[in-house]
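Trainee: This note's numbering puts the sequence shown at residues 85 to 205. Every residue, glycine too, gets a C-beta built ideally from N, C-alpha and C. Just so it is clear, the structure is predicted and the values come from calculations on it, not from any experiment.
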Amino acid sequence: MNRQATPLIGQPVDRVDGRLKVTGQARYAAEFSYPGLVYGVALGSTVAAGRVRDIDTAAAEQLPGVLLVLTHKNVPKMAPPAPETPQNRFTRATPLLQDTAIHHHGQLIGFVVAETLEQAR
């Protein structure tokens, strides 16, 4: 390997935020607050395949700070996605919360919006 062509390999690189991080003074994105900011938490399926037989959100919707609970029952229906082709297999739109079908573990089955992250959880 030509060290002249790759002068950074093996060389220390200063991290401008390094000292702040190791002293606990760095601010991370989650620590910033803005007026009107709300938080969302995705709810994933715990099974790999099946159907959502029922989902009762009434208790969650009554919790303090909870603004909205989205499920297949109250999300606007999307147009069907384009047929899958080799060219669009990984880039085509994936319809979320459109029906009761569960296709994989972790699939989105709900989404909670609340005033704080703790309330959304």
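(1) Could you check the C-alpha separation between residue 130 and residue 184 for me, to the nearest Å?
(2) Assign residue 97 to one of two classes, buried (16 or more other C-beta atoms within 10 Å of its C-beta) or exposed (fewer than that).
(3) Is residue 181 near residue 155, with beta carbons less than 8 Å apart?
(4) Just mark residue 186 as buried or exposed, buried being the case when its beta carbon has 16 or more other beta carbons within 10 Å.
(5) For residue 113, which three-state DSSP category applies?
(6) Give the DSSP bridge partners of residue 118, in chain order.
(7) Tell me the DSSP secondary structure of residue 142 in three-state form.
(8) Between the C-alpha atoms of residue 195 and residue 161, what's the straight-line distance to the nearest angstrom?
Mentor: Walking through what the data contain:
(1) For the purposes of this step, residue 130 is identified with residue 46 of the sequence shown, where counting begins at 1. For the purposes of this step, residue 184 is identified with residue 100 of the sequence shown, where counting begins at 1. Going from the Cα of residue 130 to the Cα of residue 184 covers about 14 Å.
(2) Sequence index remark: in the sequence shown, residue 97 carries index 13 (1-based). By the 10 Å Cβ count, residue 97 comes out exposed.
(3) What you label residue 181 is simply residue 97 of the sequence shown in a count that begins at 1. What you label residue 155 is simply residue 71 of the sequence shown in a count that begins at 1. Contact flag set, yes.
(4) In the sequence shown, residue 186 corresponds to position 102, counting from 1. It counts as buried.
(5) For the purposes of this step, residue 113 is taken as residue 29 along the sequence shown, with counting starting at 1. Looking at residue 113 - three-state DSSP - the assignment turns out to be helix.
(6) Position 34 of the sequence shown, counted from the first residue, corresponds to residue 118. None; residue 118 has no bridge partner.
(7) Counting from one through the sequence shown, the residue named residue 142 turns up at place 58. In the structure shown, residue 142 sits in a helix (DSSP, three-state: H, G or I).
(8) As a position in the sequence shown, residue 195 is number 111, starting the count at 1. As a position in the sequence shown, residue 161 is number 77, starting the count at 1. Distance between the alpha carbons of residue 195 and residue 161: 16 Å.
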